[in-house]
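Student: Under the UniProt record's numbering, residues 1 to 455 are what the sequence shown spells out, in order. What follows is a single structure, and I will ask about it in a moment.
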Amino acid sequence: MASSSASSDEFPWQLGVFDAHCHPTDTMSAIAAIPHMKAAALTIMASRGEDQHLVEEVASKLGRKSQSHDVQDQKQDAAVAAAAARVVPCFGWHPWFAHQIYDDLSSPATTTNTPPSKIAHYRSVLTGSTADDDAFFLALPDPKPLSTLLAETRARLLAHPDALVGEIGLDKAFRLPNVWQPHELEARDPSITPGAREGRSLSVYRVAMSHQRALLKAQLQLAGELRRPVSIHSVQTHGAVFDLLQELWRGHEMPSRRERKRRRAEAARQAEEEEEKDEQKSKESSPLPFPPRICLHSYTGPLEPLKRWLHQTVPSDVYFSFSVVINFTSYHPFDKVAEVIRALPDDRILIESDFHCAGEQMDALLEEVARTVCKVRGWTLEQGVKQLAENWRRLLFSEHSAAWALAVMILYCSKENMTQEKELVKFIIPRLCGNFRGGSKMGIIVDDADISMKL
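Shown next as structure tokens:
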């Protein structure tokens, strides 16, 4: 397939480019740039105590306004509003800050608001501690109960019906930064949201994997209960993340083709259709013990595990996102990343900036990664941008595909730069009546000479 992703080609921003993972609330002074960005929408992550309310604040101004997501008659209106939003919020607790949470759900409730109990907590969840580290522990934030975190996250998710759970995950490599020194505090940039490393030297302390796992599992279960997608961070832990999800999937695996054929052999066609309708209705409303859709953000895993993630029995839809700042650096050889991108199905690839500041640089990172993915896949820019937009839509709004397609049509019909009406119809109509996964269910034919339906 011919590729048109050369740097000299005009980039088709008008088709809709969506950032699957970014951190603009790390630089609140640049938030005002979001409405003026070329990107259609940003999926903005929360990660720690200092930014949960900031993500919520930005979403209240730039997210969708409707608050009635789960009422059947209002699904279409919700999707229209979501399409017009510039941000989609995500609420979750990053593994880099997992030590700041104490697990009061799997152990007797205790208090950590006294110096001895605070020290005991950090000594139990951090590895590398020594006998003289009490001062380091006391300088850390007072730990928050896991039950409180889950209650707060649940409230935010319910207040924002399109919100994801994220950024969550596991990280084996991360070490805590050292305590701020007076001269460092004097020199720090006050425009940066507190809580992150900000260039500090690293300590010897790591968060115990067992503690990270408990926090991740609780957040995955919350996402399943509310049927929300998740954005997962994984560094040197791809097997551990899969094993945890496999534990949550147990008993909910999708049947194989042979099993589906066996189950349906004795059923009449009409009964089968009714059963599928009932299954779909149940699927859209019932709580799950696992998230229905998963984004493995800035995926750095090898090629081999893809078969496990994409196996037909996996009940979650798993997507793989790529960024310039993580995937296309000297730490990750281009050939290995390209090999993974080429091996993925078209409909499971996402792009992201993973950047901390909204504006032109975030747009530039999105354009660069989109061009790179298109080149690796052999897509034209138009083909690739459309496909990546569809994939982002499926991650966020899988259960409302027809309403989403209509929303996109309404939104882009109002764009001054959308002059080729035939191209718009060719893009939208199959998605209104068809199946995003495997082509049109209704046999829709759309070409330059004739736009028609074959039912």
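Cβ coordinates follow ideal geometry from the N, Cα and C atoms, glycine included. No experiment lies behind these values; they were computed from the predicted model shown.
(1) Please state if the CB of H99 and the CB of R48 are separated by a distance shorter than 9 Å.
(2) What are the boundary residues of the beta strand (DSSP E) that P194 is part of?
(3) Would you call the region 116 to 134 and the region 203 to 213 touching, i.e. three or more CB-CB distances under 8 Å?
(4) How is A151 classed by DSSP in three states: helix, strand or coil?
(5) Just the C-alpha distance for A151 and C90, rounded to the nearest angstrom, thanks.
(6) Excluding the 5 residues preceding and the 5 following E416 in the sequence, name in chain order all residues of the same chain whose CB lies nearer than 8 Å to its CB.
(7) I'd like to check one pair, S316 with E352: are the Cβ atoms closer than 9 Å?
(8) I think L42 touches I31, with their Cβ atoms under 8 Å apart; what is that distance to the nearest whole Å?
(9) A208 lies in the alpha helix (DSSP H); which residues open and close that run?
(10) Nearest-angstrom Cα distance between L344 and L350?
(11) Can you check which of these residues, E304, C22, S106 and E367, is closest to E339 by C-alpha distance?
(12) On the DSSP bridge assignment, give the partners of T127 in chain order.
(13) So, is E360 buried or exposed, given that buried needs 16 or more other C-beta atoms within 10 angstroms?
(14) R213 to A163, Cα distance in whole Å?
(15) If distances are taken between C-alpha atoms only, which option among I44, R123, E253 and I192 comes closest to G166?
(16) Would you mind giving the Cβ-Cβ distance between L146 and A389, rounded to the nearest angstrom? I have them listed as a contact below 8 Å.
(17) Nearest to F136 by alpha carbon, out of K144, C357 and N178?
(18) Per the DSSP calculation, F322 is bridged to which residue(s)?
(19) When the Cα atoms are used, what is the spatial distance from P333 to P116?
(20) What residues in its chain sit with their C-beta under 8 Å from that of T419, if we drop five residues either side in the sequence?
(21) Please report how far the alpha carbon of G384 lies from the alpha carbon of L105, in whole angstroms.
(22) Taking the straight line between their C-alpha atoms, what separation do you get for A173 and T237?
(23) Tell me which residues share the same chain as residue 530 and place their Cβ nearer than 8 Å to its Cβ, disregarding the 5 neighbours each side in the sequence.
(24) Is the beta carbon of residue 478 sitting closer than 9 Å to the one on H160?
(25) Expressed to the nearest angstrom, what Euclidean distance is found between the alpha-carbon atoms of L185 and T193?
(26) Pick from E367, W249, L226 and T27: whose alpha carbon is nearest that of P287?
(27) Distance, Cα to Cα, D354 vs V325?
(28) My parser needs the alpha helix (DSSP H) runs of 4 or more residues fully inside the region 356 to 392; what are they?
(29) Which residue's Cα is closest to the Cα of D363: S234, H23, M37 and P24?
(30) Which residues in the same chain have their Cβ closer than 7 Å to the Cβ of E368, if we skip the five residues on either side of it in sequence?
(31) Are there 16 or more other CB atoms within 10 angstroms of the CB of S234, so buried, or fewer, so exposed?
(32) State yes or no: is the C-beta of N391 nearer than 8 Å to some heavy atom of the ligand FMN?
(33) Would the beta-carbon of F242 fall within 9 Å of that of W180?
(34) Taking just the CA atoms, how far does L158 sit from D70?
(35) D19 bridges to which residues according to DSSP?
(36) What would DSSP say about Y102, mapped onto helix, strand or coil?
Tutor: Walking through what the data contain:
(1) no
(2) Here P194 belongs to no beta strand (DSSP E), and DSSP marks it neither H nor E.
(3) yes
(4) helix
(5) 15 Å
(6) Residue placement at E416 is poorly supported in this model, since its pLDDT is 42, which falls under 50; the coordinates are not used for a value here.
(7) no
(8) Actually they are not in contact, since the Cβ atoms of L42 and I31 sit about 10 Å apart, beyond 8 Å.
(9) Premise fails: A208 is in no alpha helix (DSSP H) and is neither H nor E.
(10) 11 Å
(11) E304
(12) R206
(13) exposed
(14) 22 Å
(15) I44
(16) Not really, about 36 Å apart at Cβ, beyond 8 Å.
(17) N178
(18) I351
(19) 47 Å
(20) No answer about T419 holds up, because its pLDDT of 47 lies below 50 and its placement is not dependable.
(21) 45 Å
(22) 9 Å
(23) With the chain covering only 1 through 455, there is no way to say anything about residue 530.
(24) The question about residue 478 has no answer, for the chain in this structure spans 1 to 455.
(25) 13 Å
(26) L226
(27) 7 Å
(28) 360 to 377
(29) M37
(30) V324
(31) buried
(32) Absent from the structure shown: the ligand FMN. Ligands present: none.
(33) no
(34) Any reading at D70 must be qualified, since the residue scores a pLDDT of 46, below 50, and its modelled position is unreliable; no value is offered.
(35) L42
(36) strand
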